[in-house]
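Undergrad: Each residue of the sequence shown is one higher than the one before, starting from 0 at the first, in numbering that gives the first Met the number 0.
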Amino acid sequence: MNNSTTNSEEKNIRAVIVGIELPGQTGTEASIEELARLIDTAGGECIAALIQNREAPDVRTCIGKGKIEELKDVCEKNEISLVVFDCELSPSQIRNVEEELGGPDVIDRSMLILDIFALHAVTREGKLQVELAQLQYTAPRLIGKGKEMSRLEGRIGTRGPGESKLETDRRHIHRRMDALRRELAEIEKNRTTMRHARERNGIPKAAIAGYTNAGKSTLTNALCDSDILAEDKLFATLDPTTRRFTLPDGSEMLLTDTVGFIRNLPHQLISAFRSTLEEVQFADFIIIVIDASDPEAPAQTAVTEQLLAELKADDKPRIYVFNKIDACTEMPFVPNFDESEGIYACAVSALDGRGLDRLAELLESVVNNGKRRLKLFFPYGREGELNRLYALSAVDDVEYGDEGTTVTLNADRKIAGMFEGFAVTDDE
Numbered sequence: 000m001n002n003s004t005t006n007s008e009e010k011n012i013r014a015v016i017v018g019i020e021l022p023g024q025t026g027t028e029a030s031i032e033e034l035a036r037l038i039d040t041a042g043g044e045c046i047a048a049l050i051q052n053r054e055a056p057d058v059r060t061c062i063g064k065g066k067i068e069e070l071k072d073v074c075e076k077n078e079i080s081l082v083v084f085d086c087e088l089s090p091s092q093i094r095n096v097e098e099e100l101g102g103p104d105v106i107d108r109s110m111l112i113l114d115i116f117a118l119h120a121v122t123r124e125g126k127l128q129v130e131l132a133q134l135q136y137t138a139p140r141l142i143g144k145g146k147e148m149s150r151l152e153g154r155i156g157t158r159g160p161g162e163s164k165l166e167t168d169r170r171h172i173h174r175r176m177d178a179l180r181r182e183l184a185e186i187e188k189n190r191t192t193m194r195h196a197r198e199r200n201g202i203p204k205a206a207i208a209g210y211t212n213a214g215k216s217t218l219t220n221a222l223c224d225s226d227i228l229a230e231d232k233l234f235a236t237l238d239p240t241t242r243r244f245t246l247p248d249g250s251e252m253l254l255t256d257t258v259g260f261i262r263n264l265p266h267q268l269i270s271a272f273r274s275t276l277e278e279v280q281f282a283d284f285i286i287i288v289i290d291a292s293d294p295e296a297p298a299q300t301a302v303t304e305q306l307l308a309e310l311k312a313d314d315k316p317r318i319y320v321f322n323k324i325d326a327c328t329e330m331p332f333v334p335n336f337d338e339s340e341g342i343y344a345c346a347v348s349a350l351d352g353r354g355l356d357r358l359a360e361l362l363e364s365v366v367n368n369g370k371r372r373l374k375l376f377f378p379y380g381r382e383g384e385l386n387r388l389y390a391l392s393a394v395d396d397v398e399y400g401d402e403g404t405t406v407t408l409n410a411d412r413k414i415a416g417m418f419e420g421f422a423v424t425d426d427e
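1. Please return the same chain residues whose Cβ sits closer than 7 angstroms to the Cβ of Gly102, not counting the five positions on each side in sequence.
2. List the DSSP bridge partners of Asn368.
3. Please state if the CB of Ile285 and the CB of Leu254 are separated by a distance shorter than 8 angstroms.
4. Applying the criterion that 16 or more other CB atoms from any shown protein chain within 10 Å of the CB defines a buried residue, is Ser109 buried or exposed?
5. Under the three-state reduction of DSSP, which class applies to Pro90: helix, strand or coil?
6. State yes or no: is the C-beta of Tyr399 within less than 8 angstroms of the C-beta of Val365?
7. If we count the other Cβ atoms within 10 Å of its Cβ and call it buried at 16 or more, is Ala422 buried or exposed?
8. First and last residue of the beta strand (DSSP E) that includes Tyr399?
9. Does the pairing of the stretch 307-325 with the stretch 282-296 give three or more beta-carbon distances under 8 angstroms?
10. How many Å lie between Asp411 and Ser339 at the Cα?
11. Would you give the residue range spanned by the beta strand (DSSP E) that Glu44 belongs to?
12. CB Thr27 to CB Ile50, shorter than 8 angstroms?
13. State whether the stretch 242-262 contacts the stretch 202-216, with contact taken as three or more CB pairs (one from each stretch) at a distance under 8 angstroms.
14. Going by the beta-carbon positions, is the gap between Leu310 and Gln280 smaller than 8 angstroms?
15. Evaluate Lys215 with the Cβ neighbour count: other Cβ atoms within 10 Å of its Cβ, from every protein chain shown; 16 or more gives buried, anything less gives exposed.
16. Taking the alpha helix (DSSP H) that Gly65 falls in, what are its first and last residues?
17. Between the C-alpha atoms of Tyr136 and Gln267, what's the straight-line distance to the nearest angstrom?
18. By DSSP, does Asp313 sit in helix, in strand, or in coil?
19. With DSSP run on the structure shown, which of helix, strand or coil describes Asn1?
20. Nearest-angstrom Cα distance between Asp395 and Glu124?
21. Spatial neighbours of Gly354 within its chain, please: CB distance less than 8 angstroms, with the 5 preceding and 5 following residues excluded, ordered by chain position.
22. Taking the alpha carbon of Leu438 as the point to measure from, which residue in Asp337, Thr191 and Cys327 has its own alpha carbon closest?
23. What's the C-alpha gap between Ile79 and Ile12?
24. Whole angstroms is fine: what's the gap from Glu367's alpha carbon to Glu185's?
25. Taking the alpha-carbon of Arg180 as reference, which of Asp337, Leu134 and Ser225 has the nearest alpha-carbon?
26. Rounded to a whole number of angstroms, what is the C-alpha to C-alpha distance between Glu44 and Val105?
27. Taking Cβ positions, are Leu435 and Met252 nearer each other than 8 angstroms?
28. Tell me the DSSP secondary structure of Arg108 in three-state form.
29. For Pro297, which three-state DSSP category applies?
30. Could you name each continuous alpha helix (DSSP H) segment of 4 residues or more that falls completely within the stretch 10-40, going from the start of the chain to the end?
31. What separation, rounded to the nearest whole angstrom, lies between the Cα atoms of Gly416 and Pro247?
32. Thinking C-alpha only, which one of Asn212, Thr241 and Ala221 is nearest Ile202?
33. The beta strand (DSSP E) that contains Thr404, what's its start and end?
34. List the whole-angstrom C-beta distance separating Lys204 from Ala282, where the pair is believed to meet the contact cut-off of C-beta under 8 angstroms.
35. In the structure shown, what three-state DSSP assignment does Cys327 receive?
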């Protein structure tokens, strides 16, 4: 991306990106490039990008007066209908810039991301979560403003299930938000019940996390022979999807494909999607998918790890999967982590299948890490505990004796702790 206009195929929404670079700030160009992809995902076309170096954002318009004039000139010459700032704007800044430009709509990065989430939400829960996030973010920007209220026409930055509510009666925004929270709480109860059922089954669970468009859904499909929507778009998957995966030793585990991360993810989305993101918190370990073909992979991985830390899921065992090696000119460098610390890594192509056998071996290693051979004896009269064990774990061998039942199994720390009172040694 550069600061000049570019000629390309005409689209419905012609957009200009505006960014500011503050002292000591890095990654501005990469962020602008990413914002251009976000605009494309939303159905628009980025015509130009303007970047201004500043000591601090202008309180009134974010950028300086000279840059505003340059932006106005670019908009008039290129029939621009949308201006997207690569930073968060205050309601007054949006209003002031729109008044200065006299035509194009003005939104910020967060509003664009919220719009894309609204575009891709499919399930009832996903739509409710997006609507809540939009209301949390846009309510203070819409209340009392004429132009923004009149332009709610399904265009970029204004889409979403909640827009008709805002247009017809602003006074009920907070009432609507309360109703959404209640509906999401009911859905969360059902999700918690399903999660507890999976925990009782004792099947290991892994969450597939990573930057948006790193190939998480494609990897899940390749491993589990499933048909989760996988597109070369940002945020193609919003709703978590869980699939069974058979390990090389024949045992099973669960893989949950989660929503992708991105830099400067609006905190309203993290809040609204918390029940969905909790799939990461409750997983036994995390599979972090990295687009090895992207030069920004290190920065994207840092964003992923930061968000995992915010979700309090950064202390779990991890497998770093360097995906898309089919698109690399040379094999990516794969760090040699200390596997005894529960950190693994491998390079794969979810598209052509390279490296998936190695990944399956690593999954098996993580699942079996911490397991030990255990023999348990249940006296007659304690069949309830024995049945509980059967419900929680796979048993390899069963012996029926005169005084009770002896079972042998590979037990993880959790199972070993729950049934330590029934443990026996070979010399007993």
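Note that the Cβ used here is the ideal one computed from N, Cα and C, for glycine as well. Just so we're clear, the structure is a prediction, and the values are computed from it rather than from any experiment.
TA: Quick answer:
1. The beta carbon of Gly102 lies closer than 7 angstroms to those of Cys74 in the same chain, with the five residues before and after it left out.
2. Here Asn368 is not bridged, per DSSP, to any residue.
3. With respect to Ile285, Leu254 sits apart: the two C-beta atoms are not nearer than 8 angstroms.
4. Buried: at least 16 other Cβ atoms inside 10 Å.
5. Reduced to three states, the DSSP call for Pro90 is helix.
6. No. Outside cutoff.
7. By the neighbour-count rule (16 or more Cβ atoms within 10 Å), Ala422 is not buried but exposed.
8. Note, Tyr399: beta strand (DSSP E), Asp396 to Tyr399.
9. These segments touch.
10. In a straight line, the C-alpha of Asp411 is about 16 angstroms away from that of Ser339.
11. Unbroken beta strand (DSSP E) run through Glu44: Gly43 to Asn52.
12. Yes, these two residues count as a Cβ contact at 8 angstroms.
13. Contact between the stretch 242-262 and the stretch 202-216 is present, because at least three Cβ pairs lie under 8 angstroms.
14. In this structure, Gln280 lies closer than 8 angstroms to Leu310 by Cβ.
15. Lys215 sits buried, since 16 or more C-beta atoms from the chains shown fall within 10 Å of its C-beta.
16. Run containing Gly65: Lys64 to Lys76, per the alpha helix (DSSP H) assignment.
17. Spanning the two alpha carbons is a distance of roughly 7 angstroms.
18. Asp313 falls in the coil class under three-state DSSP.
19. In this prediction, Asn1 has a pLDDT of 42, which is less than 50 and means its spatial position is unreliable; nothing more can be read from the coordinates.
20. So the two alpha carbons sit approximately 40 angstroms from each other.
21. Cβ within range, chain order: Ile324, Cys345, Ala346, Val347 and Ser348.
22. There is simply no residue 438 to check, as the chain begins at 0 and stops at 427 in what is shown.
23. Using only the alpha carbons, I get a separation of about 8 angstroms.
24. Before going on, a small fix: residue 367 reads as Asn here, not Glu. Taking the straight line joining both Cα atoms gives about 35 angstroms.
25. With distances taken between Cα atoms, Arg180 lies closest to Leu134.
26. Looking at the two C-alpha atoms, the distance is approximately 15 angstroms.
27. Residue 435 lies beyond the stretch modelled for the chain, which goes from 0 to 427, so this question has no answer here.
28. If DSSP states are grouped into helix, strand and coil, Arg108 belongs with the helices.
29. For Pro297, the secondary structure class from DSSP, reduced to helix, strand or coil, is helix.
30. Whole alpha helix (DSSP H) segments, 4+ residues: 27-40.
31. One alpha carbon belongs to Gly416, the other to Pro247, and they sit about 27 angstroms apart.
32. Nearest option by C-alpha distance: Thr241.
33. Start and end: Gly403 to Ala410.
34. Lys204 to Ala282, Cβ: 5 angstroms. Contact.
35. Shown here, Cys327 sits in coil according to DSSP, grouped into three states, outside any helix or strand.
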